[in-house]
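Number of protein chains: 2
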Amino acid sequence: MPSTDLVFRSQAEHRAWLAAQAALPRGFRVGVTRFAFEPAEAPKRAQMTLTLIAAAQPTPAFAALFTRNACPGAPIIVGRQRLAAPALGALVINNKVSNVGAPGGVADCEAVCAATARLLGIPESAVLPASTGVIGWKLPLSAMLAALPEAVAALSAAQGILPAAEGICTTDLYPKIRRADLPEGSIVGIAKGAGMIEPNLATMLVFVLSDLAIEREALRADLAWAVERSFNRLTIDSDTSTSDMVVAWSSGLGGRPERAAFRTALLRVCGDLAEDIVRNGEGVHHVLRIRVRGAPSEGVAVALGKAVANSPLVQCAMLGNDPNVGRIVAALGKVAPQLGIDLARLSVEIGGIVVYRDGAFRLDRDKEAALHAHLRQAELYASAPPAEGLRFRPPISWPPHERAVEIAADLGLGEAEATVLGADRSHEYITENADYRS
Amino acid sequence: MPSTDLVFRSQAEHRAWLAAQAALPRGFRVGVTRFAFEPAEAPKRAQMTLTLIAAAQPTPAFAALFTRNACPGAPIIVGRQRLAAPALGALVINNKVSNVGAPGGVADCEAVCAATARLLGIPESAVLPASTGVIGWKLPLSAMLAALPEAVAALSAAQGILPAAEGICTTDLYPKIRRADLPEGSIVGIAKGAGMIEPNLATMLVFVLSDLAIEREALRADLAWAVERSFNRLTIDSDTSTSDMVVAWSSGLGGRPERAAFRTALLRVCGDLAEDIVRNGEGVHHVLRIRVRGAPSEGVAVALGKAVANSPLVQCAMLGNDPNVGRIVAALGKVAPQLGIDLARLSVEIGGIVVYRDGAFRLDRDKEAALHAHLRQAELYASAPPAEGLRFRPPISWPPHERAVEIAADLGLGEAEATVLGADRSHEYITENADYRS
């Protein structure tokens, strides 16, 4: 499933690789600024980063998918309206405050777009907003309006997309950039997202830029197709966010690719970013790649994969390098009645080793040792006791490798299949999210 | 919702209270034995407790509900057949090995029932088996058959149901007993269950004994009614077990109660045990009592309550005494589209304090302090840094109080309502379940 099989031995190695991915497609510039503010709702000072991505001129070839959460943020409400606009000229993205359910949130969001539009000399409808961070807080509007000219002044293509990949992060351990190069031009994507993640027909904050010549409707169809096969098949904590958004946007300054090659390249960028998001998920020690085959439909395969990925007991077992196959079968059995399927022909493999077949577990002490070894090789890091015993922090801020725990279930019921990405559950996740208003 | 509001300052106080609840209904005896064995599947020695509950003579008035997990344990498969038997004479219950998916599991289960029946001089069909513990392991049959005569020899009514309440435990911190006394007789229930818990039309291991005169069909109807309103509305970790079972059983040696009084008493015992199970859930620091009102149906109210209870981010916030209302609204918004309901009229209260109304959060620093105080008063204990920094253990082995975090959502859509019980997610849960084959 991953298009790469990278190993990084240090943050410096990872940074060098990111820098090599970061070249912007023709026609785009990035500007970032950072500032402090006082939230009205909480007693502690906070930091916000404002990220601007601007095109040389507004272009019609853009696509966006938004969260299906019934309590969406103001940028989602405004963003849905933008889909009808004739062209997109800028993305304005802030972290720290998601602008969800805040009184006056839509008006504040529109004020940020209007100010951005004035500074860039483009229509307000050509500015697409995005926000991520605490739910319920109001945007610090005056501080943002004061910071916007700095972001505009910083606009540059020289450092590529790396400043934006860093600027949109919240609890992410590291920035995420993926690219695909075609003879006619390139596709470059960035993503943030480490918690509150089980996308539902949209996802996290993901921005994909291209210079490949493609029409708006084709881009929208291809983005929906690629998202269904990438971001919609991952879960870190089952908590579909109020602010998820995927945007794809082309300057059209490059050549016209074969449509099939474009689709494949777009899916590769989305699929790699989806893997990156899970690998960098809050407190993730193991990525789980759960392939469900022999399903009567792709939907059933995805639902069973997600049942395994979202099982807290499977997640904890994986953390402990415990090949607890009983919990995997129990998780499949939990949702099978709701899906109306029979598990009589179920077989399950972990790391290519058969652990369940013909209605019974197939286990012995040698297999157990081999399964344990498979989990250990997929481990990104182990929890280390912190000095004060409570506040676990990941010891690394780069992805050491791209290996995963490979779980395969065959239902013996049909021809459909799907692969779902999940993660384990760790002390670091608890620390991150039990912290007072993380 | 709880029928009591108890406070315990020590394990001794809790034990004294349990002993006062433990008197058996007329016609029942309990026998327990414990022994060590060598699992075939794992390298370490294990302990098993065998618990026998026997009636003076087999009686027809029994009812049982079983898990809907599609991969049920052998005792569930055998137990479903027992529903057609003319009478029940004994329950035989083991912990440590759940006998799920083990090769030859049903035959082993039947061998235990047959041996029990021979020793008691009753038909094999009058013995109902139950197992809980590791999934995938085989029952240690010869060790169990060797231990059974000891359990039969130990049969006694003198210590009441307490030895059984202890004998069925696995990762439970303490035994759970609840009773209701009517003029004509009594109802006494015990429960085990601390992880892999989101019952689906059946639950955990729960055994309810009575001497009240009631017909089999009436008992079966009333048990289904009470379970729907108690165990089916709680979740600790969303993982519906392969081995859940609730049994209600009357000796009929007492008087005949009013049917309505019987139902109410049965629901009280089931409801109190449900609260006990969540309070004693693995690593639980806070019980969450989520009341959803104004719903178009009870099913919608339960689904929304469970979405909040099963949100990892809500769970972690509660652990940290963080009234993170954004995560509660996000969890409701996550499932609302699947339920086809509109949240425009949603209001949310925590501890009686309005936090969301008319599409926006209603928050300020004073409310924040009051919400934080509400969470703190509901805390059962706080995580303490363990000596070696990784292996968190609950510092108490009794329930210090019965207070909960009170979350109320009003949808403004109808007259239906339901209360769901949930819990926070802690370092102690991770430690418990990441341990190699806990």
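Read top to bottom, the protein sequences are chains A and B. Be aware that the first sequence starts at 1, since it is given in the working numbering, and climbs by one per residue. Be aware that the second sequence starts at 439, since it is given in the working numbering, and climbs by one per residue. Quick reminder that beta carbons are idealized off the backbone N, C-alpha and C, glycines included. Quick caveat, the model's predicted, so the values are computed rather than measured.
- For cysteine 754 of chain B, the residues of chain A that pass the 7 Å Cβ criterion are Ile430, Asn433, Ala434, in the order they occur in the chain.
- Counting along the chain, isoleucine 277 of chain A sits inside the alpha helix (DSSP H) bounded by residues 259-279.
- Comparing C-alpha distances from isoleucine 615 of chain B to each of B:Gln753, B:Ser821, B:Val626 shows the shortest one belongs to B:Val626.
- Against aspartate 237 of chain A, the close residues of chain B are Pro750, Leu751, in the order they occur along the chain (beta-carbon pairs closer than 7 Å).
- Across the structure, alanine 741 of chain B and alanine 107 of chain A are spaced so that their CA atoms are roughly 33 Å apart.
- DSSP lists B:Ala846, B:Thr857 as the bridge partner or partners of arginine 729 of chain B.
- Taken residue by residue, none of the stretch 281-292 of chain A has a beta-carbon sitting less than 7 Å from a beta-carbon on chain B.
- Between glycine 79 of chain A and the set A:Ala126, A:Asp410, A:Ala61, the nearest pair of CA atoms involves A:Ala126.
- DSSP, reduced to helix, strand and coil, places asparagine 94 of chain A within a strand of the structure shown.
- The beta carbon of cysteine 547 of chain B sits no closer than 8 Å to any beta carbon of chain A.
- Per the C-alpha coordinates, the member of A:Ala70, A:Leu128, A:Arg216 positioned closest to serine 251 of chain A is A:Arg216.
- Not a single CB atom of chain A sits nearer than 8 Å to the CB of threonine 487 of chain B.
- About 14 Å separates the beta carbons of proline 25 of chain A and leucine 162 of chain A, which is beyond the 8 Å limit, so they are not a contact pair.
- Its chain contains Asn759 as the residues whose beta carbon lies nearer than 8 Å to that of arginine 814 of chain B, once the 5 sequence neighbours on both sides are disregarded; these appear in chain order.
- At a cut-off of 8 Å between C-beta atoms, valine 716 of chain B does not count as an interface residue with respect to chain A.
- Ranked by Cα distance from leucine 558 of chain B, the options B:Asn533, B:Asp619, B:Ala494 are led by B:Ala494.
- Setting aside the 5 residues that flank it on each side, alanine 461 of chain B is surrounded in the same chain by Gly598, each with a C-beta closer than 6 Å to its C-beta; the list follows chain order.
- Contact annotation: in the stretch 834-865 of chain B, residues whose CB is within less than 7 Å of a CB in chain A are Arg863, Ser864, His865.
- For serine 131 of chain A, the enclosing beta strand (DSSP E) starts and ends at 127-131.
- Taking 9 Å as the Cβ-Cβ cut-off, the stretch 81-102 of chain A approaches chain B at Ser98, Val100, Gly101, Ala102, given in chain order.
- For cysteine 169 of chain A, there are no neighbours in chain B by C-beta distance under 9 Å, as the nearest C-beta there is about 18 Å away.
- Here proline 75 of chain A is near serine 243 of chain A, since their CB atoms are less than 8 Å apart.
- In this structure, valine 308 of chain A lies near alanine 331 of chain A, with their beta-carbon atoms less than 8 Å apart.
- Across the set A:Val355, A:Arg229, A:Asp181, the C-alpha of A:Arg229 shows the shortest separation from the C-alpha of glycine 271 of chain A.
- Looking only at A:Ala164, A:Gln11, A:Arg220, the smallest Cα-Cα distance to asparagine 95 of chain A is reached by A:Ala164.
- Leucine 91 of chain A is a Cβ neighbour of isoleucine 53 of chain A, given a cutoff of 8 Å.
- In summary, the residues of the stretch 67-82 of chain A whose CB is separated from some CB of chain B by less than 8 Å are Arg68, Asn69, Ala70, Cys71, Pro72, in the order they occur in the chain.
- Put simply, the stretch 351-370 of chain A touches the stretch 533-542 of chain B. At least three CB pairs are less than 8 Å apart.
- Separation of tyrosine 174 of chain A and glutamate 166 of chain A (C-alpha to C-alpha, rounded to the nearest whole angstrom) is 7 Å.
- Judged by DSSP secondary structure, tyrosine 794 of chain B falls outside any alpha helix (DSSP H) and instead within the beta strand (DSSP E) spanning 791-795.
- For glutamate 720 of chain B, the number of other beta carbons within 10 angstroms of its own is at least 16, and it is reported as buried.
- Histidine 285 of chain A and serine 98 of chain A have their C-alpha atoms roughly 27 Å apart.
- Put simply, the CB of phenylalanine 799 of chain B is near chain A, with a gap under 8 Å to one of its CB atoms.
- Pairwise C-beta distances place the stretch 771-787 of chain B in contact with the stretch 59-72 of chain A, as three or more of them are shorter than 8 Å.
- Buried is the label assigned to aspartate 237 of chain A, since at least 16 other Cβ atoms lie within 10 Å of its Cβ.
- Chain order gives no chain A residues near proline 734 of chain B, where near means a beta carbon separation below 7 Å; the closest approach is about 14 Å.
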